[in-house]
Amino acid sequence: MPRIRIDGQAYEVKEGLNLLQACLGLGLNLPYFCWHPALGSVGACRQCALLQYRDEEDRQGRLVMGCMTAVADGQILSLKADKARHFRAGVIEALMTNHPHDCPVCEEGGECHLQDMTVMSGHHHRRYRGRKRTFVNQDLGPFINHEMNRCITCYRCLRFYRDYAGGEDLHALASRNHTYFGRASDGPLESEFAGNLVEVCPTGVFTDKPLSQSYTRKWDLQHAPSICVHCSLGCNISPGERYGRLKRVQNRYHHGINGYFLCDRGRFGFGHVNHPERPQQPLVRENGRLRPVAASEGLAELARRLETTERWIGIGSPRATLESNLALRELVGADHFFTGLGSHPNALNRALLELLRLPGVNTPSLREIEACDALLLLGEDITQSAPRMALSVRQAVRGAGRDRAAALNIPPWQAQSVQIAGQNARHPLFISHVTATRLDPIAEATYRASPQEQAALAFAVAHCLCPEAPAPEGLDEQAQSLAEKIAEALLHAKRPLIVTGPSSGALPLVEAAGQVARALLNARPAEACPPALIPVFAECNSLGLTLLTQDAAEADLEQAFALSEHGPVGAIILENDLFRRAPGPLVQGFLERLTQRIVIDSIPSPTLNAADLVLPATSFAESQGTLINNEGRAQPLFPVHALHAERRNSWQWLAAVAGHRALKGFASPADALATCVTAAPELAPLSQALPSAAHPFTRLAVPRMPHRNSGRTAAGANLDVREDQQPQDHDSCLTFSMEGAPAPWLSRQSGIGARLPFSWYPGWNSNQAVHKFKDAVDGPLRGGESGMRLDLVCRDNGWHRPLPVDTEAQGLLAVVQPAIFGGEELSNLAAPVFQRAALPCLRIHPDDAPAWSVADGDRVLVRGASAATELPLRVDPRVARGIALLPPTCPPLGTGPTRVSLRSLGSDPLIATDHPEPTDG
Amino acid sequence: MHLGPELSPLERQEIEAECAHYPERRAAAIEGLKVVQKHRGWVSDGSLQALAELLQMPVGELEGVATFYNLIFRQPVGRHVILLCDSVCCWIKGRDDLNRRLCQRLGIKPGETSADGQFTLLPTVCLGDCDRAPTLMIDHQQHGNLTPEKIDRLLDQLQAPGGEDG
């Protein structure tokens, strides 16, 4: 390890770093702008200058840029030397000549990297008295504000947006003092990751638009370490609350999962928390109308109804926490607990879980995905269904350029040189899907076909890799040669990766993905890196629910429907809108047959409207519980703000019932978690998260609010001038307060990183403070990350035999195309996300149109086995033949894989107006 | 000849010839912009869009190239573009007097186009002709050792009916 000396102090630092990384890793304050831990160095801003001396005798030294200079043994450096300090102050003075003096009205104020660095550099007096250049700003859509006057031309935005995230509509225009970062013309930024510009920009050029519409400074927000609930990846987030409203979501660093970046659905999709139609207190149906009642009365109603009805079934949910699902299962008994999903989604989830169990196959984290060098995406458009993973896949594809640079001994942080050396080199990415995806432009080859044909392709890949794997029948020559090409690429890669998911709705495709991994494991030499296989799931706790119900004989919604046909039965429906799960007529019939309908949920829904008793559940922002992500990583959720008096965690409602149905083991969050530990053998590792006497968290108080939080005791003065006591949190190491352990002390505690509600450190007010909580700038948080991987039992189910592709079937196969915006239940209640949603329409291949006598622009009746719907039709050559590609908002038209028929209702006069108005978020 | 936003066959042909020099079409961005400007005097939004499509690149990226170079004009310019050097040699030798005379004769300020659409006056950095300072360039013709009187003669020539390159 190189030994260097900085200002007389000797240090040992990791080899291969640059001086800026080394200094920050040592906890030294060296200001910077253009460098970003994920984007590397370009040496553009000249802010991280320090003095390097030739030898002991050298008294002059020379200025070097920290981010552009590699550490080397014996370096003698100074941060504090006058020459270096004056240079840095001069640089910032020059940067500030055009920067407006608008901090009081700037959304970035109080968490601005530019403010922090300016103060750090000691430039506190403006001498420049000339005119400042001004720009016309652009409307960049519902997510991002644009205020170009504040730009200091660090180029971070472009390097993230274009180079890192693959966006094609943000550009650097003009030059010198007139450099302008914007689009060719006004319009929403197209990238699904544009929201990260809010954090990537070191000043207030790109700011959070929904936040600025109801603005609160970071120091006045209350935060908690939380988990995103908008897909199955479990990205770590830091939501901020004030006055009982969730104001914004920011990234919370997780080394293995999201790193520094979120997707825009995760960042802007929280509107369901503040939704005006959200149930605020228990509702009891009287004379056909729902009447609001107090929590105590709601509880009494629940108890009374549980007593009066003999048979109960419980319907769980893949978006409810493990604790809530388990509490319901315990209440009604495992035999009467259903997942709330149909048999087909349940089978898909179980098949995806089997992929995680494959022995010898690696389940990669998103970070590990970035290091893969041959990728096969099977039937899942991850940009739409697990967006943050698509960003990681982009980094994997770019890895070919990094490898090329590494072969030339270019350090990985030399971003510009790496890019030039890499040119357009790409690791091979193969995409098999029913239609075009956003990753197609960087793919080596794409295959567009029905899910069955895609499964055949994957089985053929497996057969090419390992002749023992049964070959599919009837694959055409083109697909065969593609299969050979894919097999070749996966076989010779250092770290091959296969990704699949449930969106295609085809069980054989999921099994085929496992077959490829198994064949790859057999075909590759024993010493080679094991192949990686990662499934994505549909929802934030799909895997948790699957783990709870995998051995149940009856867990499907259809079985619950059948049960209701035999004798009177009541149902408790947990955080689930059944109309999204099964065809409307079936759900309607089920709800009508029930003698009691109790719905516990945090959002409005048609199912909730049919309830006799509604119990308002907490949203993720008020919940304490556990979610299990797609890799089998259990992560805890903590409430951002104290519970609203009339709301409870779903499991708390159930645990409050007394009498013979009283629940044991749900007295507190810790108690509930302890019950989860014993619920299934594979959940045992959760015990690590339990508080114990030896656990440091029981002694610490980690404040949820920054220490400058203002007006805290007066926040409720409009209701009552008496100061209430701050809410107490007896269930975690966090407090609903600005008082508690100070950040510098916390930063030295092992294991606290995963519990940080927000990142802040003296002198570092922006999210960039996170490096203060790490041992190495490019490493994980000190003492580990949030959550723990479960020990899933390995199981090898042998080879799957490919089924022949059914060519005789009548009708088009319905496939629901997921969508990042407008495709997910919770984020659809957020106005900015809804605004980005595409008009829902049916898409079919042009060759399929004549057979049904339909044409582009028609309004079409789509009829499935159990239900029908009307949609505008788009004829789209990118859709595979034989497929009816349905929008994500389409209600289920049948159970399981459904074939549909089409009938034209004439040209669509409503195509411009049938987009429902977004509700306030 | 008035040209619509669509590129003319001649423009396309010249741009294609440039593309042939590079492995990637977008590499011909600068040459493509020069071709368009040669035929139209400036690059309109419509031509920019058409060129971006021809070069298979995002229009914003091409705009980034076009606006980086101050001699690619993204606004209409006069029939004659006068580039008056404002570097140090020319400044010492009296370029400010030339500037005053030009402004006075044409009734415009630097950066503007005369009302009759004949002249655009732009300051420019060094024209590389310092031994003949002060100097300027009109269209593609360089003129050195200038005085306000010589400016008058130059403008007279250009303004005369059937003047230079009429």
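As you go down the protein sequences, you meet chains A and B in turn. All residue numbers for the first sequence refer to this note's numbering, where the first residue is 1 and numbers rise by one. All residue numbers for the second sequence refer to this note's numbering, where the first residue is 922 and numbers rise by one. Heads up, the beta-carbon is just placed ideally off N, CA and C, and yes, glycines get one too.
Taking beta-carbon pairs under 7 Å, can you tell me which members of the stretch 185 to 208 of chain A lie near chain B?
Listed by position along the chain: nothing, the set is empty.
Using a Cβ-Cβ cutoff of less than 6 Å, which residues in the same chain neighbour Trp963 (chain B) once the five nearest sequence positions on both sides are dropped?
Cβ within range, chain order: Phe994, Pro997, Val998.
Mark Asp116 (chain A) as exposed unless 16 or more other C-beta atoms lie within 10 angstroms of its C-beta, in which case mark it buried.
Per the 10 Å Cβ criterion, buried.
Under 9 Å between C-beta atoms of Asn649 (chain A) and Glu682 (chain A)
No. Outside cutoff.
What are the boundary residues of the beta strand (DSSP E) that includes Ala532 (chain A)?
Ala532 (chain A) -> beta strand (DSSP E) spans 532 to 535.
Helix, strand or coil, according to DSSP, for Val42 (chain A) in the structure here?
Coil.
Please indicate yes or no: does the CB of Cys466 (chain A) lie closer than 8 Å to some heavy atom of the ligand ATP?
This structure simply doesn't include the ligand ATP, nor any ligand for that matter.
Where DSSP assigns a beta bridge to Asp858 (chain A), which residues make up the other side?
Paired residue(s): A:Ser907.
Does the beta-carbon of His937 (chain A) have 16 or more other beta-carbons within 10 angstroms, so that it is buried, or is it exposed?
Residue 937 (chain A) lies beyond the residue range present for chain A, which begins at 1 and ends at 921; the question has no answer from this structure.
With a 10 Å radius around its C-beta and 16 neighbouring C-beta atoms as the bar for buried, classify Cys45 (chain A) as buried or exposed.
Buried: at least 16 other Cβ atoms inside 10 Å.
Looking only at its own chain, which residues have a Cβ that is under 7 Å from the Cβ of Ile92 (chain A), when we skip the five neighbours before and after it?
Around Ile92 (chain A): Gln47, Met117, Thr118, Ser121, His123.
Within 9 Å of any Cβ in chain A, is that where the Cβ of Asn1020 (chain B) sits?
False, the Cβ-Cβ gap to chain A never drops below 9 Å.
Under 9 Å between C-beta atoms, does His146 (chain A) make it to chain B?
No - not a single Cβ of chain B is within 9 Å of the one on His146 (chain A).
Following the continuous beta strand (DSSP E) through Thr595 (chain A), name the residue where it begins and the one where it ends.
Note, Thr595 (chain A): premise wrong, no beta strand (DSSP E); not H, not E.
His1064 (chain B) by DSSP, collapsed to three states: which one?
Here His1064 (chain B) sits in strand by DSSP.
What does DSSP give as the partner residue(s) for Tyr761 (chain A) in the beta ladder?
Paired residue(s): A:Trp764.
Start-to-end residues for the alpha helix (DSSP H) that takes in Ala987 (chain B):
Unbroken alpha helix (DSSP H) run through Ala987 (chain B): 980 to 989.
Beta carbon proximity, Pro979 (chain B) to chain A, threshold 9 Å:
It does: the Cβ of Pro979 (chain B) has a partner Cβ on chain A nearer than 9 Å.
Unbroken alpha helix (DSSP H) runs of length 4 or more, entirely within the stretch 84 to 130 of chain A: which are they?
For the stretch 84 to 130 of chain A, whole alpha helix (DSSP H) runs of length 4 or above, ordered along the chain, are 113 to 121.
Own chain partners of Leu173 (chain A) with C-beta closer than 8 Å, once the 5 adjacent residues on each side are dropped
Residues of the same chain with a CB within less than 8 Å of the CB of Leu173 (chain A), apart from the 5 flanking positions on each side, are Thr179, Tyr180, Phe181, Gly182 in chain order.
Restricting to runs no shorter than 4 residues, where is the alpha helix (DSSP H) found entirely within the stretch 602 to 653 of chain A?
Secondary structure in the stretch 602 to 653 of chain A: the alpha helix (DSSP H) runs of 4 residues or longer, each lying completely within the stretch, are 606 to 609 in chain order.
Quick check: Pro496 (chain A) and Asn630 (chain A), are their CB atoms within less than 9 Å of each other?
Cβ distance not < 9 Å, so Pro496 (chain A) and Asn630 (chain A) don't count as in contact.
Contacts around Gln21 (chain A), its chain only, beta-carbon distance under 6 Å, and the 5 residues preceding and following it disregarded
Once the five neighbours on either side are set aside, the close Cβ partners of Gln21 (chain A) are Val777.
So within the stretch 933 to 1004 of chain B, which uninterrupted beta strand (DSSP E) runs reach at least 3 residues, ignoring any that extend past its ends?
For the stretch 933 to 1004 of chain B, not a single whole beta strand (DSSP E) run of length 3 or above is found.
So with CB distances below 7 Å, who are the chain A contacts of Phe989 (chain B)?
Ordered by position in chain A, the residues that pass the 7 Å Cβ test against Phe989 (chain B) are Ala174, Ser175.
Buried/exposed call for Asp966 (chain B), threshold 16 Cβ in 10 Å:
Exposed: under 16 other Cβ atoms inside 10 Å.
Can you tell which of B:Gln1080, B:Asp1018, B:Gly1038 has its C-alpha closest to the C-alpha of Glu1070 (chain B)?
The option with the nearest alpha carbon to Glu1070 (chain B) is B:Asp1018.
Under 9 Å, CB to CB, which of the residues in the stretch 927 to 953 of chain B have a partner in chain A?
Cβ contacts with chain A come from Glu945.
Restricting to Cα atoms, I'd like to know which of A:Arg357, A:Gln423, A:Ala512 is closest to Leu376 (chain A).
The shortest C-alpha separation from Leu376 (chain A) is found at A:Ala512.
Under 9 Å (Cβ pairs) to chain A, residues found in the stretch 985 to 1014 of chain B
For the stretch 985 to 1014 of chain B, the set of positions with a beta-carbon nearer than 9 Å to some beta-carbon of chain A reads Gly985, Ala987, Thr988, Phe989, Tyr990, Asn991 in chain order.
Endpoints, beta strand (DSSP E) assigned at Ile431 (chain A)
Where Ile431 (chain A) is concerned, the enclosing beta strand (DSSP E) stretches over 429 to 433.
Name the chain A residues whose beta carbon is nearer than 8 Å to that of Glu982 (chain B)?
The answer, in chain order, is Glu168, His171.
Determine the DSSP secondary structure at Asp208 (chain A), reduced to helix, strand or coil.
Strand at Asp208 (chain A).
4-residue-minimum alpha helix (DSSP H) runs that sit fully inside the stretch 381 to 460 of chain A, ordered along the chain:
Taking only runs of at least 4 residues, the alpha helix (DSSP H) segments lying wholly in the stretch 381 to 460 of chain A are 382 to 385, 387 to 407, 415 to 422.
Tell me where the alpha helix (DSSP H) around Glu354 (chain A) begins and ends.
Here the alpha helix (DSSP H) through Glu354 (chain A) covers 343 to 357.
Along chain B, in chain order, which residues have C-beta atoms closer than 7 Å to that of Arg183 (chain A)?
Chain B residues near Arg183 (chain A): Gly981.
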